[in-house]
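In terms of numbering that gives the first Met the number 0, the sequence shown opens at residue 0 and continues consecutively. We put the beta carbon where it would ideally sit given N, CA and C, even for glycine. The block underneath contains the structure these notes are about, expressed in structure tokens.
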Amino acid sequence: MPRAGRGPAPASGEPRIRFAVRVIPRAGRNAIDAVREGELVVRLAAAPAEGAANEALVALVAKALGVPPTSVRIERGGSGRHKLLSAPAAAGTRLAALVR
């Protein structure tokens, strides 16, 4: 079974937005902090073991964007702190509010 945020592109060919994220695992709390050096900084309580931090990241970002977790994907950086995520283009307004 694929992990949350992974999987094939939607069959509809729906337009997507991409954005850079820097993850801080074992932070004690889950929170979206700010934008630093062009990346959205996300703190996660989960440890980066067995995909736990990636699952927590996808769930947190999806909730903040108001989309289901299955629509947020890790496009690049699945095993590092610097990641490229994508979400439906319809979530662009909420993403813009997060990065202010």
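Distance between residue 32 and residue 84 (C-alpha atoms, nearest Å): Working through the sequence shown from its first residue, we reach residue 84 at position 85. Working through the sequence shown from its first residue, we reach residue 32 at position 33. If I take the Cα positions, the gap works out to 16 Å.
Leaving out five residues on either side along the sequence, give the residues of the same chain with a beta carbon under 7 Å from the beta carbon of residue 77. To locate residue 77, count along the sequence shown from 1; it is residue 78. 53.
Would residue 47 and residue 24 be called neighbours here (beta carbons separated by less than 8 Å)? Working through the sequence shown from its first residue, we reach residue 47 at position 48. Working through the sequence shown from its first residue, we reach residue 24 at position 25. In this structure, residue 24 lies closer than 8 Å to residue 47 by Cβ.
What residue does the beta strand (DSSP E) around residue 41 start on, and which one ends it? Stepping through the sequence shown from its first residue, residue 41 is reached at position 42. 38-42 is the span of the beta strand (DSSP E), which, as asked, contains residue 41.
Ordered list of alpha helix (DSSP H) runs contained in the stretch 41-65, each at least 4 residues: 51-64
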